[in-house]
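Residues 54 to 223 (my numbering) make up the sequence shown, in order.
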Amino acid sequence: MTNEYIQEQSTPAPLDRRAFLERTIYTLMSLIAGAVSITSALYLLRPPKNQSRSDWADAGDLRDFKPGVPKQITFERNHTDGWRAFAGKDSVWVVKNPDDSVTAFVPSCTHLGCAYAWQARRGAFVCPCHGSVFSQTGQVITGPAPRPLDRYQIEQTGSRLRIGPILKSS
Ligand code: FES
């Protein structure tokens, strides 16, 4: 055996090096594609979260409300929108009734969704957009609102008021 022959045998051919680099690149690309595919599949196939108890929020102390005097308050709660969860501010009209029961109205008119307000002088909720008027119990006094005010589900824990999901009126 000549020296030249031994050297040729121990040095990899340029074609083998190229093949090795190609395989390495293809392997890395396959791993990256696999990781992206698995992550995407998990994101898309996981079912969205349903409304849960975390959608309830503390809205204040009922001792701060006077019977028969509606009061609008804002409170913070967690929202779930598909896969996305975020904290946001909500608003509610709270009415403490003479028998100490409580009603919590969604602050949007049932006509086209404008914000209405309590007018103590008229003893009614009045919507400025098209003039709908609602009683303190949320019933339509004057249209065009087609139905009573929507309410929030509520819970009382001691003197604390907790606001839950919306109960649509019919
Ligand atoms: S949105 Fe309130 S009356 Fe039209």
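Even glycine gets a Cβ: it sits at the ideal position worked out from N, Cα and C. From a predicted model like this one, the values you see are computed outputs, not experimental measurements.
For residue i, count neighbouring Cβ atoms within 10 angstroms of its own Cβ and tell me buried if that reaches 16, exposed if not.
i	result
T210	exposed
V148	buried
G135	exposed
L165	exposed
G191	buried
F187	buried
F139	exposed
A94	exposed
Y96	exposed
L74	exposed
A89	In the sequence under discussion, the amino acid at residue 89 is Val, which differs from the Ala named in the question. It is exposed - the Cβ of V89 has fewer than 16 other Cβ atoms within 10 Å.
Might you give, ordered along the chain, the residues of its own chain that have their beta carbon closer than 7 angstroms to the beta carbon of residue i, omitting 5 neighbours on each side?
i	result
I207	V155, A157, L214, R215, I216, G217
P197	H164, H183, S185
S223	R200
According to DSSP, is residue i part of a helix, a strand, or is it coil?
i	result
R106	Any answer about R106 is weak, because its pLDDT of 45 lies below 50 and its placement is not dependable; what the coordinates show is given next. DSSP places R106 in helix when its eight states are reduced to three.
V35	No answer is possible for residue 35: it lies beyond the span of the chain, which begins at 54 and ends at 223.
S144	strand
L165	coil
T249	With the chain covering only 54 through 223, there is no way to say anything about residue 249.
F73	helix
R130	strand
D117	helix
A138	strand
T195	strand
K94	Per the sequence shown, residue 94 should be read as Ala rather than Lys. In the structure shown, A94 sits in a helix (DSSP, three-state: H, G or I).
T80	helix
K221	coil
L214	strand
Q189	coil
Would the beta-carbon of residue i be found less than 6 angstroms away from any heavy atom of ligand 1?
i	result
S185	yes
L202	no
L214	no
L98	no
L84	no
H164	yes
Excluding five sequence neighbours on each side, which residues of the same chain lie with their C-beta closer than 8 angstroms to the C-beta of residue i?
i	result
D108	R130, N131, H132, T133, G217, P218
K119	K149
I126	A112, G113, S144, V145, V147
S212	D114, L115, R116
Can you find the residues in the same chain that come closer than 6 angstroms, C-beta to C-beta, to residue i, ignoring five residues on each side of it along the sequence?
i	result
Q172	V179
L220	R204, Q206
Tell me whether residue i, by its Cβ, gets closer than 6 angstroms to a heavy atom of ligand 2.
i	result
V179	Ligands displayed in this structure: ligand 1; ligand 2 is not among them.
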